[in-house]
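Working notes, structure below.
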Amino acid sequence: MVIRAYGTFRLDAGFPGWDGSEHGARLLQSELASQVQLSDALRMPLRTIAGFSAADTDDGRVRAAAVLLDVQTLEPLHAEVCKFPAPLPYVRELLGFRALPAMLETLSALPREPDLAMVEGHGIAHPRRCGLATHFGLASGLPTIGVARGRLAGAFVEPGPLEGEASRLRDGDQQIGWAVRTRSESPPIFVSPGHRVSLAASLEYSLQMQCGHRLPEPVHLARRLATQPDEWARPRRRGMRDTHSSRLV
DNA sequence: GCGACAG
DNA sequence: ATCTTGTCGC
């Protein structure tokens with residue numbers, strides 16, 4: 085696959101500049117965070133968006149899923165699932181190192197690059213501003229938004245009770261994302277820029293992709309595919325091309 | 001006992 | 001990530 089940023093990152097070579105240790109991972113995150121772009125680099129009009137999610141497999145690897153959707157209709161156009169060995173056990177704040185390789189495999193397997201990527205996990209709403217979605221954005225070069233179900237960094241006041249209400253997620257005097265009420269009866273989700281997307285746009289696109297679930301539709305579908313690949317195999321949506329990757333599964 | 005917990 | 005009971009609403 086084409087790696088446009090992240091130095092000379094290659095899947096077969098691992099993370100450049102990482103010695104494999106947890107401490108080294110934290111150092112690299114701080115370095116990567118300085119490369120994040122918080123201005124919008126979206127090609128308008130937006131035609132496609134892809135959701136990405138990762139889960140553990142029973143054999144200790146990581147299973148990632150990607151779902152490509154039409155931005156206008158939110159209909160899924162294509163889906164991919166890949167498995168990849170985990171470079172690290174799960175460590176809080178270091179999820180990017182564990183899940184990124186599998187996720188990049190699903191991206192490279194898509195028939196075309198999406199105009200925007202939405203990753204389940206935090207973007208800059210991370211202690212060192214380098215969550216999974218930021219790793220993904222820097223590695224792929226794609227405009228990327230992070231969407232997470234739980235808070236990792238920052239503080240927020242509870243957003244209003246109605247769908248679409250949001251409040252700032254802030255760390256000290258800096259805003260690092262949003263707490264967003266996507267369903268009136270559910271706790272808020274946490275949205276932040278991954279790379280090449282502004283704070284404002286990250287919120288706007290998350291709300292635009294809402295489809296009745298707590299998570300925006302691209303991430304909702306990717307999560308379902310990553311955590312319950314068997315369920316997905318059963319028919320549920322028309323117009324869906326079943327194109328599971330077999331190369332690495 | 002209670003809060004916190006990215007995937 | 002995953003396991004777990006019961007409940008409510010469409």
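The numbering of the first sequence is the numbering used here, which starts it at 85 and goes up by one.
Even for Gly, the Cβ is constructed at its ideal location relative to N, Cα and C.
Bear in mind that the values here come from a model prediction, so they are computed numbers and not experimental data.
| query | result |
| --- | --- |
| In chain order, what residues of the same chain have a beta carbon less than 6 Å from the beta carbon of Pro-227, not counting five sequence neighbours either side? | Ala-125, Leu-126, Leu-200, Arg-280 and Val-281 |
| Under three-state DSSP, which class holds Gly-278? | strand |
| What three-state label does DSSP hand Arg-252 in the structure shown? | strand |
| Kindly indicate the opening and closing residues of the beta strand (DSSP E) around His-389. | Summary: the structure shown does not reach residue 389, with the chain confined to residues 85 through 333, and so no result is reported for it. |
| Flag this pair as yes or no: are the beta carbons of Gly-261 and Ala-209 separated by less than 8 Å? | yes |
| Is Glu-247 helix, strand or coil by DSSP? | coil |
| For His-206 versus Ser-118, is the C-beta spacing smaller than 8 Å? | no |
| Assign Thr-157 to buried or exposed, taking buried as 16 or more other Cβ atoms, counted over all protein chains shown, within 10 Å of its Cβ. | exposed |
| Is it the case that the Cβ atoms of Leu-309 and Val-151 are separated by a distance below 8 Å? | yes |
| Within 10 Å of its beta-carbon, does His-107 have 16 or more other beta-carbons around it, so buried, or fewer, so exposed? | exposed |
| What does a CB cutoff of less than 7 Å around Leu-305 pick up in its chain, not counting 5 residues either side in sequence? | Gly-135, Val-151 and Pro-160 |
| So if DSSP puts Phe-136 in a beta bridge, which residue, or which two residues, is it bridged to? | Ala-150 and Val-203 |
| In terms of alpha-carbon separation, which member of Glu-242, Asp-154, Arg-213 and Leu-216 lies closest to Ser-270? | Glu-242 |
| For a test of the three-state rule: what should DSSP assign to Glu-315, helix, strand or coil? | helix |
| Can you check whether the CB of Ala-239 is closer than 8 Å to the CB of Leu-35? | The structure shown has nothing for residue 35, since the chain only spans 85 to 333. |
| Determine which residues share a DSSP beta bridge with Cys-166 and list them. | Ala-148 |
| According to DSSP, is Phe-99 helix, strand or coil? | coil |
| DSSP beta-bridge partners for Gln-259? | Arg-254 |
| For Thr-228, name the three-state secondary structure that DSSP assigns. | strand |
| Whole angstroms are fine: how far does the CA of Pro-171 sit from the CA of Gly-35? | An answer regarding residue 35 cannot be provided, because it is not within the stretch 85 to 333 covered by the chain. |
| Buried or exposed for Gly-221, please, with buried defined as at least 16 other CB atoms from any protein chain shown within 10 angstroms of its CB. | buried |
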